[in-house]
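Report on the following structure.
And the structure:
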């Protein structure tokens, strides 16, 4: 029990420091990245997103076992997307500074930068969910900027350019890879939940766990991700 409590304490300590833009947080990470704490943050983010979407999953009669499978796939999707983001950030930061940091350290940093998404459950608020989502995305960008700037000991303007350039490349990639991403996402979530998905490619590439929503049938309609009836 004690190791578990120590791990949880480390997770919430790193989480709190990331949310408060602690400039010293990432300075020692090239030598000792908080890998286990980053895993904990990824788990919290996945559970928060899943909690917000449980109602939709149950409305669409997704069994409990399938629900947990969906959560597991959501976690894998988050890590995969973070890995892509980390590779892009690593490339730009290396070019800008000439400093070589292990890609695994950047991956841990990018996962920790997800910290604001522990509040992702609020994005399922009817009518206000999209606004809350944009606020969390902006918060996440600032956390990423703070961590990468501290990790590479860069001036603020240089850190902003590195993170901003990486963001632009990822947005371009999301447009170019929209169709194959949608096909892969649809297949994964149909296997995990046993239900078809009407998710968009933009949702997948934004890192949002997929929500399987059936087409409305006679006498019944499904709720979309913003609480509206389709």
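Residue numbers (the working numbering): 28 to 257. Beta carbons are placed, not taken as given, at the ideal position from N, Cα and C, and that holds for glycine. Just so we're clear, the structure is a prediction, and the values are computed from it rather than from any experiment.
Task: C-alpha gap between residue 150 and residue 111, whole angstroms - done: Taking the first residue of the chain shown as 1, we reach residue 150 at position 123. Taking the first residue of the chain shown as 1, we reach residue 111 at position 84. Answer to the nearest angstrom: the Cα atoms are 24 Å apart.
TODO: Give me the Cβ distance between residue 177 and residue 51, rounded to the nearest whole Å; I'm assuming they're in contact under 8 Å.
DONE: The residue you call residue 177 lines up with position 150 of the chain shown. The residue you call residue 51 lines up with position 24 of the chain shown. Sure, about 7 Å apart at Cβ, within 8 Å.
Open item on the list: So, for residue 54: in the same chain, excluding its five sequence neighbours on each side, which residues have a beta-carbon less than 8 Å away from its beta-carbon?
Closed with: Within the chain shown, residue 54 is the residue found at index 27, counting from 1. Same-chain partners within the cutoff: 177, 178 and 180.
- [ ] May I ask you to verify whether the stretch 151 to 168 touches the stretch 120 to 129, counting CB pairs closer than 8 Å and requiring at least 3?
- [x] Taking 8 Å as the limit for Cβ pairs, the verdict is that the stretch 120 to 129 does not touch the stretch 151 to 168.
Task: Backbone secondary structure at residue 128 - three-state DSSP - done: Taking the chain shown and counting its residues from 1, the one referred to as residue 128 is at position 101. The answer is coil: DSSP assigns residue 128 none of H, G, I, E or B.
Open item on the list: Under DSSP, the alpha helix (DSSP H) around residue 48 begins and ends at which residues?
Closed with: Your numbering for residue 48 matches position 21 in the chain shown. Careful: residue 48 lies outside any alpha helix (DSSP H) and carries neither H nor E.
Open item on the list: For residue 157 and residue 164, what's the separation of their Cα atoms in angstroms?
Closed with: Against the chain shown, residue 157 aligns to sequence position 130. Against the chain shown, residue 164 aligns to sequence position 137. Looking at the two C-alpha atoms, the distance is approximately 11 Å.
TODO: Could you tell me the distance, in whole angstroms, from the CA atom of residue 32 to the CA atom of residue 171?
DONE: The residue you call residue 32 lines up with position 5 of the chain shown. The residue you call residue 171 lines up with position 144 of the chain shown. C-alpha separation (whole angstroms): 27 Å.
Task: residue 198, enclosing alpha helix (DSSP H) - first and last residue - done: By one-based count along the chain shown, residue 198 stands at place 171. Residue 198 -> alpha helix (DSSP H) spans 183 to 203.
TODO: Grab the span of the alpha helix (DSSP H) containing residue 166 for me, first residue to last.
DONE: Locating residue 166 in the chain shown gives position 139, counting from the first residue. Looking at the DSSP string, the run of the alpha helix (DSSP H) that includes residue 166 is 156 to 179.
TODO: May I ask you to report which of helix, strand or coil DSSP gives residue 58?
DONE: Position 31 of the chain shown holds residue 58. Correct three-state label for residue 58: coil.
TODO: Pick helix, strand or coil for residue 103, following the three-state DSSP scheme.
DONE: The sequence position of residue 103 within the chain shown is 76, counting from 1. Looking at residue 103 - three-state DSSP - the assignment turns out to be helix.
Task: Within 9 Å, strictly: CB atoms of residue 142 and residue 68 - done: What you label residue 142 is simply residue 115 of the chain shown in a count that begins at 1. What you label residue 68 is simply residue 41 of the chain shown in a count that begins at 1. Going by C-beta atoms, residue 142 is nearer than 9 Å to residue 68.
Open item on the list: Suppose the cutoff is 6 Å on Cβ atoms and the five residues either side in sequence are ignored; what does the same chain contact list for residue 230 look like?
Closed with: Here residue 230 refers to the residue found at position 203 of the chain shown. Note that residue 230 scores 48 on pLDDT, short of 50, meaning its location in the model is unreliable; the coordinates nonetheless yield the value given after this. Residues of the same chain with a CB within less than 6 Å of the CB of residue 230, apart from the 5 flanking positions on each side, do not exist.
TODO: Below 8 Å on the Cβ atoms is my guess for residue 101 versus residue 76; work out the distance and round it to an integer in Å.
DONE: For the purposes of this step, residue 101 is taken as residue 74 along the chain shown, with counting starting at 1. For the purposes of this step, residue 76 is taken as residue 49 along the chain shown, with counting starting at 1. That pair is a contact at about 6 Å.
Task: Integer Cβ distance of residue 130 from residue 114, believed to fall under 8 Å - done: Counting from one through the chain shown, the residue named residue 130 turns up at place 103. Counting from one through the chain shown, the residue named residue 114 turns up at place 87. Right, the Cβ-Cβ distance comes to about 7 Å (below 8 Å), so this counts as a contact.
- [ ] Give the DSSP-derived three-state secondary structure of residue 141 in the structure shown.
- [x] On the chain shown, residue 141 is found 114 positions in, with the first residue counted as 1. In the structure shown, residue 141 sits in coil (DSSP, three-state: anything other than H, G, I, E or B).
- [ ] Quick one: residues in its chain with C-beta nearer than 7 Å to the C-beta of residue 147, no 5 flanking neighbours on either side, listed in chain order?
- [x] Within the chain shown, the letter at position 120 stands for residue 147. 72, 75, 76, 79 and 163, listed in sequence order.
Open item on the list: Would residue 64 and residue 34 qualify as a contact pair, given that the criterion is a beta-carbon distance under 9 Å?
Closed with: Residue numbering aside, residue 64 sits at position 37 when the chain shown is read from its first letter. Residue numbering aside, residue 34 sits at position 7 when the chain shown is read from its first letter. Yes, the Cβ-Cβ distance between residue 64 and residue 34 is below 9 Å.
- [ ] Could you check which residue in 140, 214, 196 and 145 has the C-alpha nearest to that of residue 175?
- [x] For the purposes of this step, residue 175 is identified with residue 148 of the chain shown, where counting begins at 1. Considering only alpha carbons, the answer is 140.
Open item on the list: Rounding to the nearest angstrom, what Cα-Cα distance links residue 204 and residue 28 in this structure?
Closed with: Indexing the chain shown from 1 puts residue 204 at position 177. Indexing the chain shown from 1 puts residue 28 at position 1. Cα-Cα distance, rounded: 44 Å.
Open item on the list: Given this structure, state the Cα-to-Cα distance separating residue 70 from residue 46, to the nearest angstrom.
Closed with: Sequence index remark: in the chain shown, residue 70 carries index 43 (1-based). Sequence index remark: in the chain shown, residue 46 carries index 19 (1-based). Distance between the alpha carbons of residue 70 and residue 46 is about 16 Å.
Open item on the list: Taking the alpha-carbon of residue 62 as reference, which of 38, 192, 117 and 48 has the nearest alpha-carbon?
Closed with: In the chain shown, the residue the question calls residue 62 occupies position 35. Just measuring C-alpha positions, the residue of 38, 192, 117 and 48 sitting nearest residue 62 is 38.
TODO: Quick one: grab the DSSP three-state call for residue 76.
DONE: Here the question's residue 76 lines up with position 49 in the chain shown. Residue 76 falls in the helix class under three-state DSSP.
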